[in-house]
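Participant:
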C-alpha cells in the first residue's frame, strides 16, 4: 500500500512537471505581450505595468479581423474536405477484403515517409501551373494532401472496430453504401473525427511555410504571416508579435479543452485497432 502511494505521488510530480512545459511558454507569451519595448529585451524581467501598446500596434498595423477570417477559412475548408475524403476512403479500405485495397492503404500511409521539404519545389511549380498562386484555395489543396495519410490512418483503425453487422442490416433495409456510411457508420466515428479535427487544426492554424510560399498580398495573409510582418532585417517588434500570438492561441486551446475526451478516445482507437 505504501509503495502504491509513493508511486502515485511520483506520477503526480511527473505530470506536474510535464504540464509546466505547456503552461510556462503560454505564461511567458502573455507576460511578454504586456511589456514595454524596453522591458521586452530582458527575458526574465517581470512587467512593471500592464502595457497595452503592443495590442494597439497590432490593431493599427494589421487588419486583424481579415487575417483571422483567412486563417479560420483555410482551417475550416481544409478540415471539412479532409474529413469527407479520408472517411469515405477509410470506409472502403477498412471493409474491403481484396488485397489490392491493402496495397492502396500502404500507399496512402507511405505519405508519412516523404518530408515536406523534399516536395516544396515541385509543389510550388504545380500550384503555379494550376493558377492558384495568392489564393487561399492553394493552402486548402496543400493542407488536404499533407494530412490525408494521417486522417486515413485514424479513420481506418476506428472503422475496423465498428461491427460489420451494422452494414449488413442497413443493406437489408434498402440503404446503399453511401447512405449506410453517412447515416449509420459516420455518426459512430465521432471520436475519430474529433481526433482528426484537433490534431490537424493545430498544424494548419500554425502553418507558416505554406502561406509564405503561396500568398503574396496582405489581404490574403494568415495569422502566422501577420506575425512575420513584424520581423525586419535589422529590427523586429517582438512586443506586437507576442500580442498577436495571444490572439492566435485562443481558438485551438478552446477547441481542444471542449473536445479533449473524444480526442483521446479516437487516438487510442485509431492506433490500436489499425
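Numbering (the numbering used here), first residue to last: 4 to 277. For each residue, glycine too, the CB sits at the ideal point set by N, CA and C.
#1: Nearest CA to the CA of residue 71: which residue from 53, 262, 258 and 252?
#2: Look at the alpha carbon of residue 76 and the alpha carbon of residue 213, and state the distance between them as a whole number of angstroms.
#3: State the start and end residues of the unbroken alpha helix (DSSP H) segment that holds residue 163.
#4: Restricting to runs no shorter than 4 residues, where is the alpha helix (DSSP H) found entirely within the segment 19-88?
#5: Comparing alpha-carbon positions, which option in 116, 238, 243 and 160 lies nearest residue 92?
#6: Residue 92 by DSSP, collapsed to three states: which one?
#7: Any idea what DSSP makes of residue 181, helix, strand or coil?
#8: Looking at the secondary structure, which residues open and close the alpha helix (DSSP H) in which residue 223 lies?
#9: Are the beta-carbon atoms belonging to residue 198 and residue 151 less than 7 angstroms from one another?
#10: Quick one: what does DSSP say residue 277 is sitting in, helix, strand or coil?
#11: Are the CB atoms of residue 226 and residue 74 within a distance shorter than 7 angstroms?
#12: Within the chosen definition, does the segment 62-69 reach the segment 35-51 through at least 3 CB pairs nearer than 8 angstroms?
#13: To the nearest angstrom, how far is it from the Cα of residue 222 to the Cα of residue 163?
#14: Out of 242, 10 and 144, point me to the one whose CA is closest to residue 37's CA.
#15: DSSP three-state label for residue 210, please.
#16: State the start and end residues of the unbroken alpha helix (DSSP H) segment that holds residue 102.
Facilitator: According to the structure data:
#1: On the chain shown, position 68 is the one that residue 71 refers to. With distances taken between Cα atoms, residue 71 lies closest to 252.
#2: As a working mapping, residue 76 is identified with position 73 in the chain shown. As a working mapping, residue 213 is identified with position 210 in the chain shown. So the alpha carbons of these two residues sit roughly 15 angstroms apart.
#3: Here residue 163 refers to the residue found at position 160 when the chain shown is read from its first residue. Careful: residue 163 lies outside any alpha helix (DSSP H) and carries neither H nor E.
#4: With a minimum length of 4 residues, the continuous alpha helix (DSSP H) runs that stay inside the segment 19-88 are 56-64.
#5: Here residue 92 is taken as the residue at index 89 of the chain shown, counted from 1. Considering only alpha carbons, the answer is 160.
#6: Counting from 1 along the chain shown, the entry for residue 92 is found at position 89. In the structure shown, the three-state DSSP call for residue 92 is helix.
#7: Stepping through the chain shown from its first residue, residue 181 is reached at position 178. Helix, per DSSP.
#8: On the chain shown, residue 223 is found 220 positions in, with the first residue counted as 1. Premise fails: residue 223 is in no alpha helix (DSSP H) and is neither H nor E.
#9: Residue 198 sits at position 195 when you count from the first residue of the chain shown. Residue 151 sits at position 148 when you count from the first residue of the chain shown. Contact flag unset, no.
#10: Within the chain shown, residue 277 is the residue found at index 274, counting from 1. Confidence in residue 277 is poor, its pLDDT being 44 and thus under 50, which makes the residue's placement unreliable; the coordinate value appears in the next sentence. Coil.
#11: In the chain shown, residue 74 corresponds to position 71, counting from 1. In the chain shown, residue 226 corresponds to position 223, counting from 1. Between residue 74 and residue 226, the C-beta spacing is below 7 angstroms.
#12: No contact exists between the segment 62-69 and the segment 35-51.
#13: The residue you call residue 222 lines up with position 219 of the chain shown. The residue you call residue 163 lines up with position 160 of the chain shown. Rounded to the nearest angstrom, the two C-alpha atoms are 44 angstroms apart.
#14: Sequence index remark: in the chain shown, residue 37 carries index 34 (1-based). The candidate whose alpha carbon is nearest that of residue 37 is 242.
#15: Here residue 210 is taken as the residue at index 207 of the chain shown, counted from 1. Residue 210: coil per DSSP, three-state reduction.
#16: Taking the first residue of the chain shown as 1, we reach residue 102 at position 99. Counted as a single uninterrupted DSSP element, the alpha helix (DSSP H) harbouring residue 102 occupies residues 102-112.
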